Structure formats: structure tokens, C-alpha cells
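Q: Below is a structure I'd like to ask you about.
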Amino acid sequence: MTRHTPARTMRIGAALLTAALLSSTALTAQAETPPNMLVIAQRIDDIKTMDPAESFEFTGADISRNVYESLVDFDPMDLDSGFQPALAESWEVSEDGTQITFTMADGHVFASGNLVTAKDAEFSLRRAVMLNKTPSFILTQFGFTPDNVEETIVASDEKTLVLKLDKAYAVSFVLNCLAATIGGIVDMETVMANEVDGDMGNAWLRDNTAGSGPYKLASWKPDESYTLDLNPEYAGDAPAMKRVIVQHIQESATQRLQLERGDVDIARNLSPEDVAGLEEVDSVKVVDELRGRLMYWSANQKNEILSNPQVIEAMKYATDYTGMQDSFLKGQYITHQSFLPATFMGAIDDTPYSFDIEKAKGLLDEAGYGDGFDITINVRDAQERIDIGQSLQNTWGQIGINVEMIVGTGAQTLDTYRAREHDIYLGAWGPDYPDPNTNAGTFAYNPDNSDEAGATGLLAWRNAWELPEMSEETLAAVVEQDSDKRAAMYEELQREHMEVSPFGIMFQQIEQNAMQSGVEHFVAGGATTAVSYWVVTK
Amino acid sequence: MAETTTNGGGRSASSFPPKWLKQSVSLIFTVAITLLGLLFVTFMIGRVMPIDPVLAVIGERASQAQYDQVFQELGLDKPLIAQFAIYVGDVLQGDFGTSIRTGKPVAEDIARVFPATLELATIGTILGVVLGVPLGVLAAVYRGSWIDQLSRLIGLVGYSMPIFWLGLMGLLIFYGILGWVAGPGRLGVFYEGLVPTRTGLLLVDALIAGDWDVFKDALSHIILPACLLGYFSLAYISRMTRSFMLEQLNSEYVITARVKGLSEWNVVWRHAFRNIAIQLITVIALAYANLLEGSVLTEIIFAWPGIGSYITTSLLANDMASVLGGTVVIGTIFVCLNIFSDLLYRFFDPRAK
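Here is the structure:
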């Protein structure tokens, strides 16, 4: 059963009607933005803070990436090549693998005019651990704690930073994590000058920035806009766009109108209907980019029926992957069945499951549930998820599984999921940092399956899935020093996971950004990172 | 000293407490109770809603230790009634808490978004009154004529069309195709920050600064959403005006006036209209209050950073401090507008005294 409020139905109807009218009306671009200014229409109401030690939302990551530099970073023009030297020009790993010594590059300067030194890096990383905000686990998983940072994160001089880890982790793992938002290096002097009540500048960095990246934050009006101006001290090549203005526009149809009128250069949240409507407009192009978000369903192993592997396999076969991909998800999701998003190190593109009702029926018969059974599926109140839920309801229904859909707000469904009270949960998961362990550590790791463990951050735990061997394999992969070998370990882990896990991974997100045809090199960040404005030209 | 006391006592014995004081005290008491009730209801709704305010702050990836820390920071470990008492105490000092969504004090957020709504709703209401009142009067005077039918049609469309759809159509036609007005938002991106914020009302700020370009741009942005809102209040105001007017036109004094040979213009505007003016004040105040809180969809379509979209976005993000703060402010305005129209009513209508 799906619940639709009248207001919602009305809105959807109105949106469809508008889309139809829009598609029959070709507008000509009439305005033009200045050549050195990038104007973007985007939903940005998820921004909570600009502080890299706390920021954990998509838009926050976008800003951080353009404002802060980190020790290592990804090249937007070649994301696949992995981390590259940035503020650190080189690094050395000790023989036992537990110590990494970074040598800082010369010539990097903060927007304040202060030179970037190893002391700033030491301060920034220590600060992120000590503030202990949500994303701090990305650093603390290497054994850093607020109590030990003075010994474990040390700048021995202006140019040298030493990180002492609690284990010999794969260097690629450590460096990938340092390339995440939390690895952004802040200007110690400026930040501490704005400290209030021992908050290490946390309140000030909410709406101010102090980095050495290509841009600095000029203004942020919540739910309205943010503006980035060029950082005149930036060490790299001067970006073509001197100013970037991102306007908060919630409605897809409104974004589209602005793009067609030429009032914005890029529209970032267009519905499939609006993207389709833009096909006829010559002055505009749509650029597809694979992002890291996966759409999946998972089965609570506390449910006896769902803990039967054949039942799960039957459900994986009774999922209409291509049907969904080609209809309501058109252009915005692509079929993907493993836990690492494509373009991640070690990602595979195997798709062993296809829509096969006969096979699914046979599996269910073998499992002893030929007459079917009743289950519930918890779905968040978002259109694409409700559509997927309805498709599952329909196709699982064809093999006798009677599905009741429980639609709720994000918080409602999440509460049920974290309390392990669901049967099936329909969810989306995005990587937290650009290393394969981010997803392996949550989809294929659960060291303690007891209720008391309360490991709510692990998806395997949330589904009460006990997997001692795979957990070991996941741990082994983070300490494998040979990158090729490490990638192979993840490939194997995913194939095993696909076969036996109670996770039905279905799709990976494609972001469709529509822009004026003259805009070049707009990189939204792929599966691993965030947007890079400094390479954009138009 | 004794004399003074006696004199004072004597005076107050005859007129104390004076009637105006008694009325004022009772009014203040009523307002206080109403607002306290409003606070209580919104607070309770916030607490019984099946959402976890802690998760809203820390996100789903946080550890249990981080969860517990924020749980305490938000005061959720205290009994409900204690939480409410603390909340009321804070509100009395103008502290609505901190928005978890913007990281800023809710009072500061509201001070930022409210002028945008106020500006939009005020212009919308003015348009609604300027057009709606004469239309309603004419519809009553020429009852059954084409003008009456037209006003009926306008009212019907106003009540039945989804504002969401009308807004998008307006944007498509007047911004997209014709290019007569500016697009979404309050101001073009190139005019941002040119005029110092004094009142938060962009048109007023631009006038104070004497910046005509900014004024024209702001006007070009506000005109479409204001017309849309104006249309909706017009529909309501014209219907109410019509029915008030009909009542007056059928009353005896109007007939007498006509018999005495007064011109129709005099009868309608000097006599009948005067008598409905007071009733209209209440209607207009209500229409105004409705626009202040009910323009959510308009604000979303036109990317208008006002209190309606602020509360909605906060609600979707489970940011209860912002939702409570916004609701209390809107509720207070409702109460104040009601009292205001009530006072005007008493002031102008001798019967109410």
C-alpha cells in the first residue's frame, strides 16, 4: 500500500503538466552571464557548516573542495588516476608501515597571506580529531584520539609532518582518507584568532573560510546563495572563473527556465522530464557523470524467512533492473550490483542478476516458500524511492511475496532501520571518503552482531547479518600495502558479497548537469570527490 | 504624606481600576495565555513527532558516543515538562535556540527571512485590496450583471487553481517567454550586496540608498509573486466585500437615502461603504495574516527566501528549533493582527463599545 496525500498528488500533476507545457515551448536564451563569472542553480539547503572538520553534507563538500587544499588531492581532469601530491609534495612510509612522513610543498599561501606550513597541517588534523564531530571517524580509524594526537600527529619542523598510525594500514587507504573533506588544511593563525570558548574556531568556520584553495567564501545566505571569490594567493594557475555564485533554486522547472533564459550557466537538479525537454534546445547541453550513490534493498536477518539464502536469491532475480532503469529512473541511475561504485579502486561491473521470474519462483519453491509470504518494506518519502518500492512490490508479488510498503519521512524510516525493526529496507548509500574501505567497511563488516553492540553505522549490523569471515577479509584489505593486490581483494570480496549477502544492490547514480553549451570542464566530482570550479571555462 | 495617601486613595476609589486599564490588563492576559498555549502545542507537536532530533544534528553515520553527547546537549535527558519550562524561559529572552540546519540562532534566521515574506505579503495584500474591494462593491451594486459574473469567475479560479501551477505558468509566460519580469529570487545575482541592509525590505533599502537600479531589479523580481499572492487575496476580499455590501444595500437606511434623492455614488460610497469598512478591516487583516504564513509554495517556486519556505525546509530536515521558532512568530502575528482589527473595530464602531 502506498500513501499519497492529495497535496502531493496535485503537485506531481502540476509538475507533469508544466513539464509538458515547457517541452512544447522552446525558449531562446536571451541573457548572458559575464564571461569570468559562473552562475549555478542548485539545491543548497543541506549546508550546515563550512568547517572541514564538521562538514559532512554534499554542498559543504563542494565548497570545501574549492576553498581548502589538503595534503593529497584528486586531479579533476583525471579523477581515475587517484590521489596526487598537493600541499604535500612527497611522503615516505617507515619500514614497519606505521609511520608516514610528509614533506610540504613550497609556495602555498592561505587567503590571509600566511604561508601554509606543516604546523597548519598538524593543527588542522589534530583539530578534526579533537572536535570529534560526525566525520571524525575518517581520521580516528587510524588510531588517532583526542588524547594521543600530540604524539601521533606531529610537525617536526615547518616542512615535515609525521603521522603515527596504530597499525600498518595500506598507504592508499590513509592517503585516500586525507583527500576527503576532513583533510582540508585550515589557516591556524586566522582560525585561532577567531576562537570562542575553546571551540578551536568551530563557530567562526561555520560561515567563514580560511584555506589556501583557488577560492575563498565571499558570502553565504542560508537557503539563498553562496558566493566564492578568487583567492588571490592561490599557488596554482589562476582559474578562469573569478567568481562563482550558486543560487538555491528548489524546483527543477524553475532551474530549467533560468538555464534556458541564460540567467544561469549550469542547472544541477533537473528531473528526467526537464532533462528530456532540454534535448531540443541548441544552446544547452547535458553532461552525465557517474556519482557514488548506490540504491539498494536489504533484508533483516532477524526475520527467519529472510535469513534463508534462497529466498534472498529469489528476490534478487525477481527485481526488474532494466525495466526501472529505462523507465522512471531514466538517465539518472544505471544498473549496478556490487557494493563499490564504478570508478572506485577495485570496483567491478558484474551484473549476475537479471529479471527472471521463473528462476525466482523455482528458488522460492526450493526454499519451501512456494506459497509465498507476507513482508513489509520501509521506504522513505522520496519519489524515486517510492517508484522503486512499487516496482519491487509488483515483481516480488509475481512470485507470491505479498509486500506492504511503509512510507515514512527520512528520520522515521531510518529510526526503524537503526533499531533493526524492519523486514526490508529500501535505501541509498554514498561513500564517506574516497577509499574502497568506506563501503566495504559498512556493507561487508560486522565484528559484533549483538544488539548491545549498537553498531548503527554499519549496514551489515543494521540488517543483523553475521559475517565473521568477510569481516576478516575486509580488515585484511585495509592493511594490504600492494595496491594491485588490494584492489583484487576488494574484487573478490564484492563477488562473494553479491552472492551471499542480504543486500540487493540495484543502481548507481548518474548526475545529469545541464549547462550552456560553452561551459567546459565542469566536473561534479565523480564517485570519489566533490565539484571543482577552478578548471571550468566558458 | 498621609494627606497624599488619602487623596490618592480617594481618587482611585472612585475610578480605580479605570475601564481602559481593566480592558488592557484583560487583553494582555488573553494574549499571554494564547501565546503560552501556542508555545505549548507547537512544543508538544515537536516532541511527539516520530523523529529523532539527535539524528537530525549528527547524521546517520555518527557513533553512539557522539549521539549521547548531542542528546545531552539538546537537553533531551530532562523530563518533558522541564524541557518546556526551559524553552519558555529561553523564548521570553528572545532565544529560540540554534538551527541545526544553518547553525545560526533561530531568532537571527527569522530576522533574516521574515522581511522577505513581509515585503511580498504586504505588496500582495495591497494589490488584493486595491483591486478586490472595488470589484466586490461593483459586483454587489450591479448584482447579476457581467461584472458580478466576472468577479465570481475570478473568485472561483482563485479558490480552485493550485498556486503551484499558477506560479510556474506565470514564470513560464512572463519570465521565460515574454521576458517582462526577472526570474526567481529577490534580486539579480549582480545586484547582490550593493545596497546596505537596513530594514531587510529590499525595496525600502534600495530607496533609502537611492539606488534606482537595485530598486528596479527588486521590483522586477517581486512583481510576479506579489501579483500571484494578490490574486489569491483578491479572490477572498472581493467575495467578502460583495456579501457585506449586498447586506448594506438591502438595508432600510440605504432605501431611505435613495428615496431622499441621494446620488447612487453617494449612497454606495459615502453611506454603505462606510458601514462595511470596519468589517473589511477584519477580512483584510486575516487575508494579510494568511499571506504571511500561507505563501509557502509561492516562496518555493520563486526561490523567495521567506519564512514560509524557511519553516518548510526546516521541517523536512527535522530542524525542530527552527520550526517552533517560525511557528511561534507566525502565531504571534496572527494574534496581534486579530487584536489590532478588534481594537480598530471597537474604536470605529460605537456599538462595539
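Residue numbers (my numbering), protein chains in the order written: chain A, 1 to 538; chain B, 1001 to 1353.
Cβ coordinates follow ideal geometry from the N, Cα and C atoms, glycine included.
Since the model is a prediction, treat every value here as computed from it, not as a measurement.
Any idea what DSSP makes of Tyr433 (chain A), helix, strand or coil?
A: Coil at Tyr433 (chain A), not helix or strand.
Q: State the Cα-Cα distance for the pair Asp265 (chain A) and Gly1183 (chain B), rounded to the nearest angstrom.
A: Each residue's Cα considered, the two are about 14 Å apart.
Q: Using a Cβ cut-off of 8 Å, pull out every chain A residue sitting near Gln1072 (chain B), in sequence order please.
A: Result: empty, since nearest Cβ-Cβ is about 14 Å, beyond 8 Å.
Q: DSSP on Leu139 (chain A), reduced to helix/strand/coil?
A: Looking at Leu139 (chain A) - three-state DSSP - the assignment turns out to be helix.
Q: So Ile334 (chain A) and Gln325 (chain A) are supposed to be a Cβ contact under 8 Å. How far apart are they, rounded?
A: About 6 Å; that satisfies the 8 Å criterion.
Q: So which of A:Met192, A:Pro214 and A:Gly213 has the shortest CA-CA distance to Leu205 (chain A)?
A: Of the candidates A:Met192, A:Pro214 and A:Gly213, the one whose C-alpha sits nearest the C-alpha of Leu205 (chain A) is A:Met192.
Q: What number of angstroms, rounded off, separates the C-alpha of Ala235 (chain A) from the C-alpha of Thr103 (chain A)?
A: Roughly 17 Å between the two C-alpha positions.
Q: Would you list the one or two residues that DSSP bridges to Asp288 (chain A)?
A: Asp288 (chain A) is bridged to A:Gln512.
Q: Report the option in A:Ala455, A:Pro434 and A:Tyr425 whose CA atom is closest to the CA atom of Pro502 (chain A).
A: Measuring from the Cα of Pro502 (chain A), the nearest candidate turns out to be A:Tyr425.
Q: Please list the terminal residues of the continuous beta strand (DSSP E) segment that includes Asp229 (chain A).
A: Start and end: Ser225 to Leu230.
Q: Less than 7 Å between C-beta atoms, sequence neighbours within five positions excluded: which residues of the same chain meet that for His336 (chain A)?
A: Leu294, Ala342, Ile505, Phe507 and Gln508.
Q: Give, in chain order, every unbroken run of the alpha helix (DSSP H) that is at least 4 residues long and sits entirely within the stretch 1302 to 1341 of chain B.
A: With a minimum length of 4 residues, the continuous alpha helix (DSSP H) runs that stay inside the stretch 1302 to 1341 of chain B are 1307 to 1316.
Q: Any Cβ of chain B within less than 9 Å of the Cβ of Lys221 (chain A)?
A: For Lys221 (chain A), the answer is yes, since a Cβ of chain B falls inside 9 Å of its Cβ.
Q: Does Pro309 (chain A) come out as helix, strand or coil in the three-state DSSP assignment?
A: Correct three-state label for Pro309 (chain A): helix.
Q: Compare the beta carbon distance of Trp534 (chain A) and Pro239 (chain A) with 9 Å and say whether it is the shorter of the two.
A: Contact: yes.
Q: Determine the closest residue to Arg1061 (chain B) out of A:Glu57, A:Pro35 and A:Val72, with distance taken between C-alpha atoms.
A: Of A:Glu57, A:Pro35 and A:Val72, the residue nearest in Cα terms is A:Glu57.
Q: Could you tell me whether the Cβ of Ser225 (chain A) comes closer than 9 Å to any Cβ of chain B?
A: Closer than 9 Å to some Cβ of chain B, the Cβ of Ser225 (chain A) qualifies, so yes.
Q: Taking the alpha carbon of Leu1127 (chain B) as the point to measure from, which residue in B:Ala1257, B:Pro1053 and B:Ala1226 has its own alpha carbon closest?
A: The shortest Cα separation from Leu1127 (chain B) among B:Ala1257, B:Pro1053 and B:Ala1226 belongs to B:Ala1226.
Q: Note down the Cα distance separating Ala537 (chain A) from Ala428 (chain A), rounded to an integer number of angstroms.
A: It should be pointed out that residue 537 (chain A) corresponds to Thr in this sequence rather than to Ala. Near 33 Å, if we compare the C-alpha coordinates of Ala428 (chain A) and Thr537 (chain A).
Q: Residues of chain B with CB closer than 8 Å to the CB of Gly60 (chain A), please, in chain order.
A: Neighbours of Gly60 (chain A) on chain B: none; closest Cβ ~11 Å, over 8 Å.
Q: Kindly list, in the order they appear in chain B, the residues whose Cβ is closer than 9 Å to that of Gln247 (chain A).
A: Going along chain B in sequence order, the residues near Gln247 (chain A) (Cβ under 9 Å) are Pro1184, Gly1185, Val1189 and Ala1303.
Q: Run through chain B and tell me which residues come within less than 7 Å of Val39 (chain A), C-beta to C-beta.
A: By Cβ distance, chain B contributes Val1189.
Q: If we cut at 9 Å on Cβ distances, does Ser1309 (chain B) have a partner in chain A?
A: Taking Cβ atoms only, chain A reaches closer than 9 Å to Ser1309 (chain B), which makes this a yes.
Q: With the cut-off set at 9 Å, would you say Glu1108 (chain B) and Leu1202 (chain B) are in Cβ contact?
A: No, Cβ-Cβ distance for Glu1108 (chain B) and Leu1202 (chain B) is not below 9 Å.
Q: Output the boundary residues of the alpha helix (DSSP H) element that contains His497 (chain A).
A: Ser483 to Val500 is the span of the alpha helix (DSSP H), which, as asked, contains His497 (chain A).
Q: Scan the stretch 55 to 86 of chain A for residues whose Cβ lies nearer than 9 Å to a Cβ of chain B and list them as they occur along the chain.
A: So the close ones are Phe56 and Glu57.
Q: If you reduce the DSSP assignment to three classes, tell me which class Val129 (chain A) lands in.
A: Helix, per DSSP.
Q: Whole beta strand (DSSP E) runs in the stretch 50 to 117 of chain A with 3 or more residues, listed along the chain?
A: DSSP runs (the beta strand (DSSP E)) wholly in the stretch 50 to 117 of chain A: 72 to 74, 83 to 85, 88 to 93 and 99 to 104.
Q: Which of the residues in the stretch 125 to 137 of chain A, read from start to end, lie with their CB under 9 Å from any CB of chain B?
A: Against chain B - using a Cβ distance shorter than 9 Å - the residues of the stretch 125 to 137 of chain A are Asn132, Lys133, Thr134, Pro135, Ser136 and Phe137.
Q: For Pro146 (chain A), does the count of other Cβ atoms within 10 angstroms reach 16, so buried, or fall short, so exposed?
A: Pro146 (chain A) is exposed by the Cβ-count criterion.
Q: Is Ser1295 (chain B) helix, strand or coil when you go by DSSP?
A: Note: Ser1295 (chain B) maps to coil in three-state DSSP.
Q: With the cut-off set at 9 Å, would you say Pro436 (chain A) and Ala487 (chain A) are in Cβ contact?
A: Against a cut-off of 9 Å, the Cβ pair of Ala487 (chain A) and Pro436 (chain A) comes out as a contact.
Q: Whole-angstrom Cβ separation of Ile1051 (chain B) and Ala411 (chain A), contact assumed at under 8 Å?
A: At roughly 4 Å, the Cβ-Cβ gap stays under 8 Å, so Ile1051 (chain B) and Ala411 (chain A) are in contact.
Q: Check whether the Cβ of Pro85 (chain A) lies closer than 8 Å to any heavy atom of the ligand ATP, and answer yes or no.
A: Ligands are entirely absent from the displayed structure, and the ligand ATP is therefore not among its contents.
Q: Sort out for me which residues DSSP pairs Val39 (chain A) with in a bridge.
A: Looking at the DSSP assignment, Val39 (chain A) forms a beta bridge with A:Ile245.
Q: Cβ of Asp350 (chain A) less than 9 Å from any chain B Cβ?
A: No, Asp350 (chain A) does not count as interfacial toward chain B.
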